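Positions 14 to 395 (my numbering) are the ones given, in order, by the sequence shown.
All residues carry an ideal CB built from backbone N, CA and C; glycine is no exception.
The structure presented is a predicted model; accordingly, all values stated were derived computationally and were not measured.
Okay, structure first, notes after.
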Amino acid sequence: MAPRVVVVEADGGSRGNPGPAGYGAVVRDPESGEVLAERSESLGTATNNVAEYQGLIAGLTAAAELGVAEVDVRMDSKLVVEQMCGRWQIKHPGLRPLAAQAAGLVGRFAAVRFTWIPREQNRHADALANAAMDAAAGRPPATTAPATSTATSAKTTGTDPATAPASWEPRPSFTATRLILVRHGETAYTEQRRYSGRGDVPLSERGRAQVRATAARVAALAPSVAAVLSSPLSRCTQTAAAIASALGDVPVRTEDDLIECDFGEWEGRTFTEVRQQWPGEMDAWLASPRIAPPGGESFTAVAERTNRALTGLIGAYPGETVVVVSHVSPIKLALRDALAAGDDFLHRLFLDAAGISVLDRWPDGGVAVRTVNDTAHLAKIV
């Protein structure tokens, strides 16, 4: 029986870039290091990057055939790892179809984590890839591994998989921290569409009803929660307390960095009122997150402290689920960064009061957005 989680090591290369190319992939048990599957193939003439993507695709395909739920991918290709994590753009048109194919395979698993490793820790896949490159170049397979194989580029030398040094080194299996982001329930300002920043406006009657429904929804989504963190403002602490109670009295901790943006002189005013009294300032604010309202705080500053708070959670609660109760601006900024979206995203995304968003964050910076602004639990509240 295959384990629930496997490790995929993959590599690829070419002699000449482009040149005779091939890839190798290994699927391992994460505890014992036992090889569960191997894949390698010559590709004819191709580039290093094409071969590396083909190695990833072969490894993910082999893992899918084993029926596993989660995969830890380890590659010495920084480009493939960063592109699959969404941190680097895929600029070369020849790689986009391969990245799309790999992404389709990723979607077949409950979770896939990507980690860059040094080439010396990827020797088995490297050796398979080099044997495939030898075949593509019409060379006979090597019978002994070069003494300097660990110090020589796997993209240009041949090694024999049967005699290559063992590459397996047990490593921690990193798991994502799941963040359930909850916007507080409605207040009088929410209903009137007024800017509500640092003013401590309490929940309205409708807001309290929303909070009860949200607490039940969160408890259904995540019966096991390590902690509930909240902005210090009462509309959030009341929401957080209801959620913690529904979860079985999970501890609630307030975090100042989760507080709403300071809207300065715009506090308590509607968009129309601000537009009439501060037209130039409003235009500048809408055009750039670095601009603050008069006497207030910029979205850039809010993003810095929000990211600081969420990054701290990754270290404090690795692999666990945490509920974060905050406001529109911090949650929008967290989602903007998670989705690698532009600044226009901040003014185009609508977040309802008591809406729920879910994202996973890994220690290496990887992120997966699961849900944005789920409000199904509020359907019966009038």
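Worksheet item: Can you round the beta-carbon distance between residue 338 and residue 252 to whole angstroms, since I take them to be within the 8 Å contact cut?
Response: So it is a contact: roughly 5 Å between Cβ atoms.
Item to complete: Starting from the C-beta of residue 109, find all residues in its chain whose C-beta is less than 6 Å away, skip the five residues before and the five after it, and write them out in chain order.
Response: 103, listed in sequence order.
Discussion item. Just to confirm before moving on: does the CB-CB distance between residue 76 and residue 63 stay below 7 Å?
Written reply: No.
Worksheet entry | Contact the region 128 to 141 vs the region 19 to 26: 3+ CB pairs below 8 Å | These segments touch.
Worksheet entry | Alpha carbon of residue 395 to alpha carbon of residue 336, nearest angstrom | Going from the Cα of residue 395 to the Cα of residue 336 covers about 26 Å.
Practice prompt. Measuring alpha carbon to alpha carbon, tell me which of 353, 37, 92, 288 ends up nearest residue 67.
Written response: Closest by C-alpha distance to residue 67, out of 353, 37, 92, 288, is 37.
Worksheet item: Is the region 375 to 392 touching the region 237 to 247, taking contact as three or more C-beta pairs under 8 Å?
Response: Result no; under three Cβ-Cβ pairs closer than 8 Å.
Item to complete: Report the three-state DSSP secondary structure of residue 100 (helix, strand or coil).
Response: DSSP places residue 100 in coil when its eight states are reduced to three.
Practice prompt. Specify the secondary structure class of residue 260 as computed by DSSP and reduced to three states.
Written response: Coil, per DSSP.
Discussion item. Given this structure, state the Cα-to-Cα distance separating residue 305 from residue 298, to the nearest angstrom.
Written reply: Whole-angstrom Cα-Cα distance: 6 Å.
Worksheet item: In angstroms, rounded to a whole number, what distance separates the CA positions of residue 58 and residue 17?
Response: Computed Cα separation, rounded: 36 Å.
Practice prompt. Spatial neighbours of residue 267 within its chain, please: CB distance less than 6 Å, with the 5 preceding and 5 following residues excluded, ordered by chain position.
Written response: The beta carbon of residue 267 is closer than 6 Å to those of 243, 245 in its chain, skipping five residues each way along the sequence.
Worksheet item: Mind checking whether residue 35 and residue 123 have CB atoms under 7 Å apart?
Response: A distance of 7 Å or more separates the beta carbons of residue 35 and residue 123.
Worksheet item: Can you give the Cα-Cα distance for residue 33 and residue 131, rounded to whole angstroms?
Response: Here the alpha carbon of residue 33 sits roughly 23 Å from the alpha carbon of residue 131.
Discussion item. Taking a contact to mean a Cβ-Cβ separation below 7 Å, would you say residue 388 touches residue 191 in this structure?
Written reply: Their beta carbons are not under 7 Å apart, which means residue 388 does not touch residue 191 by this criterion.
Worksheet item: How about residue 365 and residue 321: are their beta carbons less than 7 Å apart?
Response: No, the Cβ-Cβ distance between residue 365 and residue 321 is not below 7 Å.
Fill in: Three-state secondary structure assigned by DSSP to residue 84
Three-state DSSP puts residue 84 in a strand.
Worksheet item: In chain order, what residues of the same chain lie with their CB nearer than 6 Å to the CB of residue 188, ignoring the 5 residues before and after it?
Response: Within the same chain, residue 188 has close Cβ partners 332.
Worksheet item: Count the other CB atoms within 10 Å of the CB of residue 179; is the residue buried (16 or more) or exposed (fewer)?
Response: The predicted model places residue 179 with a pLDDT of 43, which falls under 50 and marks its position as unreliable, so this point remains unresolved.
Discussion item. If you follow the alpha helix (DSSP H) that residue 325 is in, where does it begin and where does it stop?
Written reply: Residue 325 -> alpha helix (DSSP H) spans 312 to 329.
Discussion item. Quick check on residue 25: buried or exposed, where buried means 16 or more other Cβ atoms within 10 Å of its Cβ?
Written reply: Burial call: buried.
Discussion item. Nearest by alpha-carbon distance to residue 375: which of 326, 54, 386, 303 is it?
Written reply: Taking the Cα of residue 375 as reference, the smallest distance to any Cα among 326, 54, 386, 303 is reached at 326.
Worksheet item: Is residue 319 buried or exposed, if buried means 16 or more other CB atoms sit within 10 Å of its CB?
Response: Around the Cβ of residue 319, a 10 Å sphere holds 16 or more other Cβ atoms; the residue is buried.
Discussion item. For a quick check, are the C-beta atoms of residue 344 and residue 230 less than 7 Å apart?
Written reply: For residue 344 and residue 230, no; Cβs fall outside 7 Å.
Worksheet entry | Anticipated Cβ contact below 8 Å, residue 207 with residue 282, distance rounded | That belief holds up - the Cβ atoms of residue 207 and residue 282 are roughly 6 Å apart, short of 8 Å.
Fill in: Own chain partners of residue 260 with C-beta closer than 6 Å, once the 5 adjacent residues on each side are dropped
Once the five neighbours on either side are set aside, the close Cβ partners of residue 260 are 232, 238.
Worksheet entry | Alpha carbon of residue 315 to alpha carbon of residue 218, nearest angstrom | Their backbone Cα atoms lie some 29 Å apart in a straight line.
Worksheet entry | Local conformation of residue 122 per DSSP, three classes | Residue state, collapsed to three classes: coil.
Item to complete: Reducing DSSP to helix, strand and coil, say where residue 28 ends up.
Response: DSSP, read as helix, strand or coil, puts residue 28 in coil.
Item to complete: For residue 393, I'd like the list of residues in its chain whose CB is within less than 8 Å of its CB, leaving aside the five on either flank, ordered along the chain.
Response: The beta carbon of residue 393 sits closer than 8 Å to the beta carbons of 226 from its chain, once the five residues preceding and following it are set aside; these are given in chain order.
Worksheet item: Does the distance from the CB of residue 27 to the CB of residue 60 come in under 7 Å?
Response: Result yes, Cβ atoms of residue 27 and residue 60 sit closer than 7 Å.
Worksheet entry | Cα-Cα separation, residue 396 to residue 204 | What the structure shows of the chain is the stretch from 14 to 395, and residue 396 is not part of that stretch, so it cannot be assessed.
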